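Engineer: Sending over a structure as structure tokens; questions will come in a sec.
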Amino acid sequence: MPNLTIVNKDIRTLDNLYSLNDLHKASGGHNRHRPSIFIKNQQTQELVNEIEQSSNSCFAVNTKRGGSNAGTWVCKELVYSYAMWVSPKFHLNVIRAFDSMPTAAALPAPTVPQDLSLNDLIFELAKAKNVTTQTVHAHYNSVFNTNAWSQGHGFEHALAKRVLKQDLENELRSQIPELQLLKQQAREYGLALVDGSEYQGF
1 MPNLTIVNKD IRTLDNLYSL NDLHKASGGH NRHRPSIFIK NQQTQELVNE
51 IEQSSNSCFA VNTKRGGSNA GTWVCKELVY SYAMWVSPKF HLNVIRAFDS
101 MPTAAALPAP TVPQDLSLND LIFELAKAKN VTTQTVHAHY NSVFNTNAWS
151 QGHGFEHALA KRVLKQDLEN ELRSQIPELQ LLKQQAREYG LALVDGSEYQ
201 GF
């Protein structure tokens, strides 16, 4: 999770939540803006309920007592809400701080040379999937309902090159270490990462 800095104050994070105590210090540390007052606010409680009832959210607030992580930790939505509660100026500082945070780098997109022959694509796809070229042939014979795709230079041949090139790129993308790690972590939680292309490829 990238570091968040507001008014030259580093905001600690814990389990994808932000330290409301650090935000309080960044806002000026006034007693009227104490985290406990904000959390007890009726509007805040209603927002917490909405967040925690939404399908893609977990805990909006986590209060820890004692230890190095003692304090109140809140989700991003409550960071914005707290900042708005403090003042328009602090709210703007928080918005700009989030906007300036570095985003996670996109996974590198694998590229397959445009000039690869169909035979080369078959070989590379077999190698990437750790199967024989005969298996590749059999699969695409079924996909195209003909074996004409692997012969000559007609329409089926051109279409096959395009389809195999896309399938090869999808297979190489699935083997990127970062994506493999994500899939492993998903499996540990009983989930699965599915790329839309996986519905068409083999």
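The sequence shown: position 85 = 85 (full-length UniProt numbering), numbered continuously.
Note that the Cβ used here is the ideal one computed from N, Cα and C, for glycine as well.
These numbers were taken from a predicted model, which means no experiment stands behind them.
Could you check the C-alpha separation between residue 156 and residue 115 for me, to the nearest Å?
Structural biologist: Within the sequence shown, residue 156 is the residue found at index 156, counting from 1. Within the sequence shown, residue 115 is the residue found at index 115, counting from 1. Those two C-alpha atoms are separated by around 17 Å.
Engineer: Output needed for residue 29: all residues of its chain with C-beta closer than 6 Å, excluding positions within five of it in sequence on either side, in chain order.
Structural biologist: Taking the sequence shown and counting its residues from 1, one reaches residue 29 at position 29. Taken in chain order, the list of residues that qualify is empty.
Engineer: Taking DSSP's pairing of strands, which residues face residue 4 in a bridge?
Structural biologist: As a working mapping, residue 4 is identified with position 4 in the sequence shown. Partner residues in the beta bridge of residue 4, as assigned by DSSP, are 11.
Engineer: Excluding sequence positions up to five away, which residues of its chain have a Cβ less than 7 Å from the Cβ of residue 133?
Structural biologist: As a working note, residue 133 is residue 133 in the sequence shown. Cβ neighbours of residue 133 beyond the five flanking positions: 122, 123 and 126.
Engineer: Check the DSSP bridge columns for residue 159 and list the partner residues they point to.
Structural biologist: The residue labelled residue 159 in the question sits at position 159 within the sequence shown. Note: residue 159 sits in no beta bridge, so no partner.
Engineer: So what does residue 74 bridge to, in DSSP terms?
Structural biologist: Counted from its first residue, the sequence shown places residue 74 at position 74. DSSP, once it has assigned bridges, lists 18 and 61 as partnering residue 74.
Engineer: Would you tell me roughly how many angstroms separate the C-alpha atoms of residue 15 and residue 141, rounded to the nearest one?
Structural biologist: Within the sequence shown, residue 15 is the residue found at index 15, counting from 1. Within the sequence shown, residue 141 is the residue found at index 141, counting from 1. Between residue 15 and residue 141, the C-alpha separation is close to 49 Å.
Engineer: Determine the burial state of residue 95: buried for a count of at least 16 other Cβ atoms within 10 Å of its Cβ, exposed for fewer.
Structural biologist: As a first step, residue 95 must be located in the sequence shown, where it is residue number 95. By the Cβ neighbour-count rule, residue 95 is exposed, with fewer than 16 other Cβ atoms within 10 Å of its own.
Engineer: I think residue 112 touches residue 165, with their Cβ atoms under 8 Å apart; what is that distance to the nearest whole Å?
Structural biologist: In the sequence shown, residue 112 corresponds to position 112, counting from 1. In the sequence shown, residue 165 corresponds to position 165, counting from 1. Rounded, the Cβ-Cβ distance is 5 Å, consistent with contact.
Engineer: Is the beta carbon of residue 144 less than 8 Å from the beta carbon of residue 160?
Structural biologist: Position 144 of the sequence shown, counted from the start, is the residue given in the question as residue 144. Position 160 of the sequence shown, counted from the start, is the residue given in the question as residue 160. The answer is yes: Cβ separation under 8 Å.
Engineer: Looking only at its own chain, which residues have a Cβ that is under 7 Å from the Cβ of residue 86, when we skip the five neighbours before and after it?
Structural biologist: Along the sequence shown, one-based indexing puts residue 86 at 86. Answer for residue 86: 27 and 33, listed in chain order.
Engineer: Report buried or exposed for residue 46, applying the criterion of at least 16 other Cβ atoms within 10 angstroms of its Cβ.
Structural biologist: Taking the sequence shown and counting its residues from 1, the one referred to as residue 46 is at position 46. Looking at its Cβ environment, which holds fewer than 16 other Cβ atoms inside 10 Å, residue 46 is exposed.
Engineer: Spatial neighbours of residue 69 within its chain, please: CB distance less than 6 Å, with the 5 preceding and 5 following residues excluded, ordered by chain position.
Structural biologist: What you label residue 69 is simply residue 69 of the sequence shown in a count that begins at 1. Excluding positions up to five away in sequence, the list reads 14.
Engineer: Which value, in whole angstroms, describes the spacing of the CA atoms of residue 100 and residue 91?
Structural biologist: One-based indexing of the sequence shown puts residue 100 at position 100. One-based indexing of the sequence shown puts residue 91 at position 91. Rounded to whole angstroms, residue 100 to residue 91 spans 14 Å at the Cα level.
Engineer: Kindly list the residues whose CB is nearer than 8 Å to the CB of residue 25, restricted to its own chain and excluding five residues on each side of it in sequence; keep chain order.
Structural biologist: Position 25 of the sequence shown, counted from the start, is the residue given in the question as residue 25. Only 9 meet the Cβ criterion.
Engineer: Leaving out five residues before and five after residue 97 in sequence, what residues of the same chain have Cβ atoms less than 7 Å from its Cβ?
Structural biologist: As a first step, residue 97 must be located in the sequence shown, where it is residue number 97. The residues are 4, 5 and 6.
Engineer: For residue 36, does the three-state DSSP call read helix, strand or coil?
Structural biologist: Residue mapping note: residue 36 aligns to position 36 of the sequence shown, counting from 1. Correct three-state label for residue 36: helix.
Engineer: Give the straight-line distance between the Cα atoms of residue 55 and residue 43, rounded to the nearest whole angstrom.
Structural biologist: As a working note, residue 55 is residue 55 in the sequence shown. As a working note, residue 43 is residue 43 in the sequence shown. With a pLDDT of 48 at residue 55, under the threshold of 50, the modelled position of that residue is not reliable, and the figure given next carries that caveat. Rounded to the nearest angstrom, the two C-alpha atoms are 21 Å apart.
Engineer: If I follow the unbroken alpha helix (DSSP H) through residue 88, where does it start and stop?
Structural biologist: Within the sequence shown, numbered from 1, the residue matching residue 88 stands at position 88. Per DSSP, residue 88 belongs to the alpha helix (DSSP H) from 88-99.
Engineer: Can you give me the Cβ contacts of residue 88 inside the same chain, cut-off strictly under 7 Å, excluding the 5 residues immediately before and after it?
Structural biologist: Here residue 88 corresponds to residue number 88 of the sequence shown, with the count starting at 1. Closer than 7 Å at Cβ, skipping near neighbours: no residue.
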